[in-house]
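Here the first sequence stands for residues 1 to 115, numbered as in this note's numbering. No residue lacks a Cβ here, since even glycine has one placed at the ideal position from N, Cα and C. As the structure is a prediction and not an experimental result, all values here were calculated from the model. What follows is a set of notes on a single structure, which appears directly below.
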Amino acid sequence: MNTKKSSTDYSFFENVYDVVRKIPKGKVCTYGLIANYLGSKQGARMVGWAMNGAHQIKPKVPAHRVVNRNGMLTGKHHFETNNAMQKALEKEGIIIKDDIIQNLEKHIWDPLMKL
DNA sequence: GTCATGACAAAGA
DNA sequence: TTCTTTGCCATGA
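Next up, the structure:
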């Protein structure tokens, strides 16, 4: 039913935000992992782009828990401060050095694995 | 309506 | 091995 729905009622972005919000505290996820979960393995680029708009999305999206496949905080420059992302992650118990997450495999969270 | 860009990742040369 | 190219979907000019 529903009155109707536009072509982009739930776009790729919505799925990205939804997954990111599900990331548990103290865990992190990668762009490629999310993209893979959405079915677009090569759409990792889109995931990062989605985060670009995440700041204005509600509820808030823990974009600081999303990093690239190297565990590097590539998106930290998009935060209010250069160390906001790292600080937020460290606060959750994640060790970061040189903008790289240490023991990434121990902190990684895979939506596919969870579901 | 078309072109260019964007917080990535994997394959090819 | 590193460097280059392609793919993904959406947004903005």
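(request) State buried or exposed for Gln86, treating a residue as buried only when at least 16 other CB atoms are found within 10 Å of its CB. (result) buried
(message) Is the separation between the beta-carbon of Asn82 and that of Tyr31 shorter than 9 Å?
(response) no
(message) Using a Cβ distance threshold of 8 Å, determine whether the stretch 101-110 contacts the stretch 21-38, with at least three qualifying pairs required.
(response) yes
(request) Out of Glu105, Glu92 and Lys76, point me to the one whose CA is closest to Asp99's CA. (result) Lys76
(request) Take the Cβ of Ala84 as the centre, count every other Cβ of all protein chains shown within 10 Å, and call the residue buried at 16 or more, exposed below. (result) exposed
(request) Using 10 angstroms around the beta-carbon of Gly71, count the other beta-carbons present and answer buried if the total reaches 16, otherwise exposed. (result) buried
(message) By the DSSP assignment, the alpha helix (DSSP H) with Pro111 in it spans what residues?
(response) Pro111 to Lys114
(request) Classify Ile57 as helix, strand or coil using the three-state DSSP reduction. (result) coil
(message) Looking at the strands, I want to know which residues DSSP matches up with Met72.
(response) Ile100
(request) Figure out for me which residue from Val66, Tyr37 and Ala50 has the closest Cα to the Cα of Met113. (result) Tyr37
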